[in-house]
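Residue numbers (this note's numbering), protein chains in the order written: chain P, 299 to 411; chain A, 17 to 130.
Backbone N, C-alpha and C fix where the C-beta goes; we use that ideal spot for every residue, glycine too.
Inspection log for the structure reproduced underneath, given as structure tokens.
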């Protein structure tokens, strides 16, 4: 069965510092992978997605993620975080049987001034 | 243009009552998804519509949960005989077609069962 693990429940980063959020997945074939962000009172917003091709994908708001098949990982990175990046981040894998998304538990990003 | 909207934004009900949660997808989106998000968890798939029909309802937890989309646009999630464990945020998403193109999410309905 497909599953997604986000090992870090919370991460605290200083404003201006770099960020990496971890995501590991379990899936038998080439996965469809997503990162979404959820801000308080807002709907989930897609940051980026990987379907195939170049394993380094660029997203909105300066985020990028790298697909590493050998490690079953799809980690999200940003070179310099801003206070407005404080939110909860979710990694998800797509189930091609019905197009549902299977989600990790999320990582809450806290930004220190 | 308008995004996905959900009403009400908050719903407080008593155990045993019936509730309806509404989702207005983006106009022209044929695929519609319902998810449930409990505190501290990622969303959990409930049901997926393609047009008017429920293409996959395997995520509905039991027969107290039911969803409809009679005209292929607005969808209503119905919960009978609510239980305290039903308390969660119910999320709706739509996409242009059933695929892994972007699913656009609404802000959710927070359901609290007392």
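Could you check the C-alpha separation between residue 358 of chain P and residue 383 of chain P for me, to the nearest Å?
Taking the first residue of the first chain as position 1, residue 358 of chain P is located at position 60. Taking the first residue of the first chain as position 1, residue 383 of chain P is located at position 85. Roughly 12 Å separates the two Cα atoms.
The beta strand (DSSP E) spanning residue 413 of chain P covers which residue range?
For chain P, the structure presents residues 299 to 411; residue 413 of chain P sits outside this window and is missing.
Residue span of the beta strand (DSSP E) that contains residue 40 of chain A, given as start and end
Here residue 40 of chain A is taken as the residue at index 24 of the second chain, counted from 1. Its beta strand (DSSP E) spans residues 35-40.
Could you have a look at residue 102 of chain A and say whether DSSP puts it in helix, strand or coil?
Counting from one through the second chain, the residue named residue 102 of chain A turns up at place 86. Residue state, collapsed to three classes: helix.
Using only the alpha-carbon positions, how far apart do residue 345 of chain P and residue 335 of chain P sit?
Position 47 of the first chain, counting from 1, holds the residue named residue 345 of chain P. Position 37 of the first chain, counting from 1, holds the residue named residue 335 of chain P. One C-alpha to the other measures close to 7 Å.
Backbone secondary structure at residue 54 of chain A - three-state DSSP
Counting from 1 along the second chain, the entry for residue 54 of chain A is found at position 38. If DSSP states are grouped into helix, strand and coil, residue 54 of chain A belongs with coil.
On the three-state DSSP scale, how would you describe residue 367 of chain P?
Looking up residue 367 of chain P in the first chain gives position 69. Reduced to three states, the DSSP call for residue 367 of chain P is helix.
Is the CB of residue 20 of chain A under 8 Å away from at least one CB in chain P?
In the second chain, residue 20 of chain A corresponds to position 4, counting from 1. Answer yes: the Cβ-Cβ gap between residue 20 of chain A and chain P drops below 8 Å somewhere.
Look up residue 410 of chain P in the DSSP assignment and say whether it is helix, strand or coil.
In the first chain, residue 410 of chain P corresponds to position 112, counting from 1. Residue 410 of chain P: strand per DSSP, three-state reduction.
For residue 403 of chain P, which residues in chain A fall below 8 Å Cβ to Cβ?
As a working mapping, residue 403 of chain P is identified with position 105 in the first chain. Correct list: 56, 57 and 58.
Between the Cα of residue 337 of chain P and the Cα atoms of P/375, P/302 and P/386, which residue gives the shortest distance?
In the first chain, counting from the first residue as 1, residue 337 of chain P sits at position 39. Nearest of P/375, P/302 and P/386 to residue 337 of chain P, Cα basis: P/386.
For a cutoff of 8 Å on Cβ pairs, would you count residue 110 of chain A as touching chain P?
On the second chain, residue 110 of chain A is found 94 positions in, with the first residue counted as 1. So no, residue 110 of chain A is outside the interface.
When you compare the segment 48-57 of chain A with the segment 96-109 of chain A, are there three or more beta-carbon pairs, one atom per stretch, that lie closer than 8 Å?
yes
Hey, how far is the Cα of residue 31 of chain A from the Cα of residue 92 of chain A?
As a first step, residue 31 of chain A is located in the second chain; it is residue number 15 there, counting from the start. As a first step, residue 92 of chain A is located in the second chain; it is residue number 76 there, counting from the start. So the two alpha carbons sit approximately 20 Å from each other.
Using CA atoms only, rank isn't needed, just tell me which of A/73, A/90 and A/128 is closest to residue 21 of chain A.
On the second chain, residue 21 of chain A is found 5 positions in, with the first residue counted as 1. Residue 21 of chain A has its Cα closest to that of A/90, out of A/73, A/90 and A/128.
Inter-residue Cα distance where the pair is residue 35 of chain A and residue 98 of chain A:
For the purposes of this step, residue 35 of chain A is identified with residue 19 of the second chain, where counting begins at 1. For the purposes of this step, residue 98 of chain A is identified with residue 82 of the second chain, where counting begins at 1. Residue 35 of chain A and residue 98 of chain A: Cα-Cα distance of roughly 8 Å.
Are the CB atoms of residue 392 of chain P and residue 330 of chain P nearer to each other than 8 Å?
For this step, residue 392 of chain P is matched to residue 94 along the first chain. For this step, residue 330 of chain P is matched to residue 32 along the first chain. Taking 8 Å as the Cβ cut-off, residue 392 of chain P and residue 330 of chain P qualify as a contacting pair.
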